[in-house]
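Visitor:
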Amino acid sequence: MRLLYEGKAKRVYETDNPDQVQVEFKDSATAFNGQKRADIDGKGAVNAAVSARLFAWLEEHGLETHFLEQIDEQNLLVEKLTMIGLEVVVRNWVAGSLNQRTGLDEGTPLDVPVLECYYKNDALGDPLLNDDHIRLLGLASPDLVARLRQEALRINQVLTPFFLDRGIVLVDFKLEFGWNRDGALKLGDEISPDTCRLWDKTSGERLDKDRFRRDLGGVEDAYQEIYRRVMMTAHA
Ligand code: ADP
Ligand code: TMP
Numbered sequence: 320m321r322l323l324y325e326g327k328a329k330r331v332y333e334t335d336n337p338d339q340v341q342v343e344f345k346d347s348a349t350a351f352n353g354q355k356r357a358d359i360d361g362k363g364a365v366n367a368a369v370s371a372r373l374f375a376w377l378e379e380h381g382l383e384t385h386f387l388e389q390i391d392e393q394n395l396l397v398e399k400l401t402m403i404g405l406e407v408v409v410r411n412w413v414a415g416s417l418n419q420r421t422g423l424d425e426g427t428p429l430d431v432p433v434l435e436c437y438y439k440n441d442a443l444g445d446p447l448l449n450d451d452h453i454r455l456l457g458l459a460s461p462d463l464v465a466r467l468r469q470e471a472l473r474i475n476q477v478l479t480p481f482f483l484d485r486g487i488v489l490v491d492f493k494l495e496f497g498w499n500r501d502g503a504l505k506l507g508d509e510i511s512p513d514t515c516r517l518w519d520k521t522s523g524e525r526l527d528k529d530r531f532r533r534d535l536g537g538v539e540d541a542y543q544e545i546y547r548r549v550m551m552t553a554h555a
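Okay, so the sequence shown: first residue is 320 according to this note's numbering, each after it adds one.
1) Taking only three categories from DSSP, how would you classify residue 419?
2) Could you tell me which of 480, 498, 472 and 403 sits nearest to residue 456, measuring between CA atoms?
3) Using DSSP with H/G/I as helix, E/B as strand and the rest coil, what is residue 531?
4) Would you mind working out which of 516, 523, 408 and 499 sits nearest residue 489, comparing C-alpha positions?
5) Any idea what DSSP makes of residue 351, helix, strand or coil?
6) Quick one, are the C-beta atoms of residue 550 and residue 367 less than 8 Å apart?
7) Tell me whether the region 422-433 and the region 533-546 touch, counting them as touching only if at least three CB pairs, one residue from each stretch, are closer than 8 Å.
8) Between the region 345-362 and the region 327-336, do at least 3 Cβ pairs fall closer than 8 Å?
9) Closer than 8 Å by C-beta to residue 487: which residues in its own chain qualify, once you throw out the five before and the five after it? Chain order, please.
10) By alpha-carbon positions, which one of 434, 447 and 355 ends up nearest to residue 466?
11) Can you give the Cα-Cα distance for residue 341 and residue 495, rounded to whole angstroms?
12) Quick check: the region 495-512 against the region 392-399, are at least 3 beta-carbon pairs closer than 8 Å?
13) How would you call residue 370, buried or exposed, if buried means at least 16 neighbouring beta carbons within 10 angstroms?
14) Quickly, what does DSSP pair residue 489 with across the bridge? List them, please.
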């Protein structure tokens, strides 16, 4: 299989079908724009399975994603998309860079979700963009930005109760969208403990990549705990 692209967390391969690609989830992890690196045992398998489950759940709730099927432990078959060069972040609680940007305490609930768009550009460190910057760079029209915001909010409305039923608070998460060959807008990339902040509802324990970013220890255990809870079929 021909490798089309190798990123920090995944490899993308060509398949026999020009409209489909295979995405391999790696165990390697990076933080702070690639400055910090390590392997997290089992991360690839957890992120592949969690993403597959969440994409399927979103599809069941009428949201369009690139997901087609899980091939094996670390590989998903997805629709090939032309990616929009934006990272759309949805926040339900203050954490991470929103804490740093505003000084609001981490763990403050947000009455209305906060949405942000970041420029997917490693060389610039993925900076935050406002609507004029997005227009200036030609990344998306104002109408498309409005559509991305609406999609992201709908995804939040479906994922928040999914996690809460499993004793997890969905604090914030990052989404990437793209276009398929027929011109349909689809959610792409992944939804996993790498791209979400997930806190235990009772203890507040961090069950996501912040354990790696902040050297909190217990990284592998946190990923396995998310895997276990996300795969539960019956609601807790
Ligand atoms: P990064 O590029 O940030 O290092 P990854 O290691 O996760 O990230 O690489 C995966 C790449 O594949 C990302 O650039 C992402 O935008 C892209 N991608 C995600 N879903 C699709 C898709 N369905 N079709 C084509 N590319 C995709
Ligand atoms: P932030 O608070 O660091 O801006 O992160 C917001 C959310 O986006 C958090 O759930 C982690 C996720 N995220 C990514 O998926 N990729 C990234 O490169 C960064 C910085 C954050």
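Yeah, the Cβ is synthetic: ideal placement off N, Cα and C, and Gly gets one too.
Guide: Quick answer:
1) helix
2) 403
3) helix
4) 516
5) coil
6) no
7) no
8) yes
9) 517, 518, 519, 520, 526, 545 and 548
10) 434
11) 17 Å
12) yes
13) buried
14) 517
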